[in-house]
Amino acid sequence: MRKLVISLLLASAAATPALAAPRDFTDRSADRAERQQARDDARAERSNDRSSNRPDRADRTDRPANVQPDTSDRSNRVQPANQSNAGNVDNARANIDAARAGRDAARAGRDAARTDRVDQRQQIIDTRQQIVDQRQQQIRDNRDLRQQSRPVPSGHTRVPVVSDTPRQGTQPPPPAAVRPTTAPTWSTSWRHNSKYDWSNYRRKHRSWFHLGFYYDPFGWGYYPYQIGWRMWPSYYSSRYWINDPWQYRLPYAPPGYVWIRYWNDALLIDTWSGQVVDMIPNFFW
């Protein structure tokens, strides 16, 4: 590179006097030849520099042929590395197995806790149901006890006292008007017909015979009526009618008669006179 710089300086110094003199435009070919010569000289200098910087081929041939690399150290280094990698893999697998076992144990614990909660909830439901059943049975027992403890009319006559105003233990007077139609005949022989076996039917459908609270229009309490007695009209108004007697396996009432509920009794009433035509005690519960 140094030689190239020096040659360029020499070429520029040689060209300086020529530039000072007036140029002859006819001598252009000589200038081109000089520039081409300078380029060739510079190219030769560069090639010489490159060849001087390259290593000698003889040095290359001095190397020993077929020299095998020493792999003993590499094998010694690789073997412990492989052993350490295998150990790391085993440790990783062991950690994965331990984590999986932990998850399985946690899942089993959650399942057991869920089962315990379900069992506890079912026990609470069963306990509440037992309490409800006991209360209902106690209410029924108290109701039956109250009905048994109600006084039964002990009058020497089978006809209650007649009164123009509603009073406890009395019956209204008979109608003053003449009955517009003939009273239908009624017989209690229907009880011997198996089609009207309401008692056996009630054993299979107890919920249908459980009507709940009874509203006494006068608040007198239970007073057992018998066939032939007359009731005050408030007791056989439409709110007490049994609209579908067959639902309870009772025979249908003839025209002018109606089945009613009186407390837990079922009574057949003549709506014209209020007279009790038929009765079934403790029909409902």
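Note that this note's numbering gives residue 943 to position 133 of the sequence shown, counting from 1, and the numbers run on in steps of one. Note that CB positions come from ideal geometry on N, CA and C, so glycine has one too.
Host beta strand (DSSP E) of residue i (start-end)
i     : result
R1071 : Y1067 to Y1072
A1076 : D1075 to D1080
Q1036 : Premise fails: Q1036 is in no beta strand (DSSP E) and is neither H nor E.
I1090 : Q1085 to I1090
Beta-carbon proximity check, residue i vs residue j, cutoff 8 Å
i     : j     : result
W1069 : A1076 : yes
F1019 : W1095 : yes
Y1067 : V1086 : no
P1065 : P985  : no
W1030 : Q978  : yes
R1071 : D1007 : no
L1096 : A852  : Outside the modelled stretch of the chain, which goes from 811 to 1095, sits residue 1096, for which no answer is possible.
N1074 : N1092 : yes
Classification of residue i by the beta-carbon crowding that lies within 10 angstroms, buried from 16 upward
i     : result
S964  : Residue confidence for S964 is low, a pLDDT of 46 falling below 50, so the modelled location carries little weight and cannot support an answer.
Q947  : exposed
Q958  : Only weak support is given to the placement of Q958: the predicted model assigns it a pLDDT of 45, under 50, and the question is left unresolved by the model.
V972  : exposed
A918  : exposed
I1079 : buried
A1063 : buried
Y1025 : exposed
Start and end residues, alpha helix (DSSP H) containing residue i
i     : result
R1013 : W1008 to K1014
Cutoff 6 Å; reference residue i; Cβ partners in own chain excluding five residues on either side
i     : result
A854  : none
P1027 : S1044
Cβ shell of residue i (< 8 Å), same chain only, five flanking positions each side left out
i     : result
S1004 : none
I1037 : V1086, V1087, D1088 and M1089
Residues bridged to residue i (per DSSP)
i     : result
T980  : V971
W1051 : I1070
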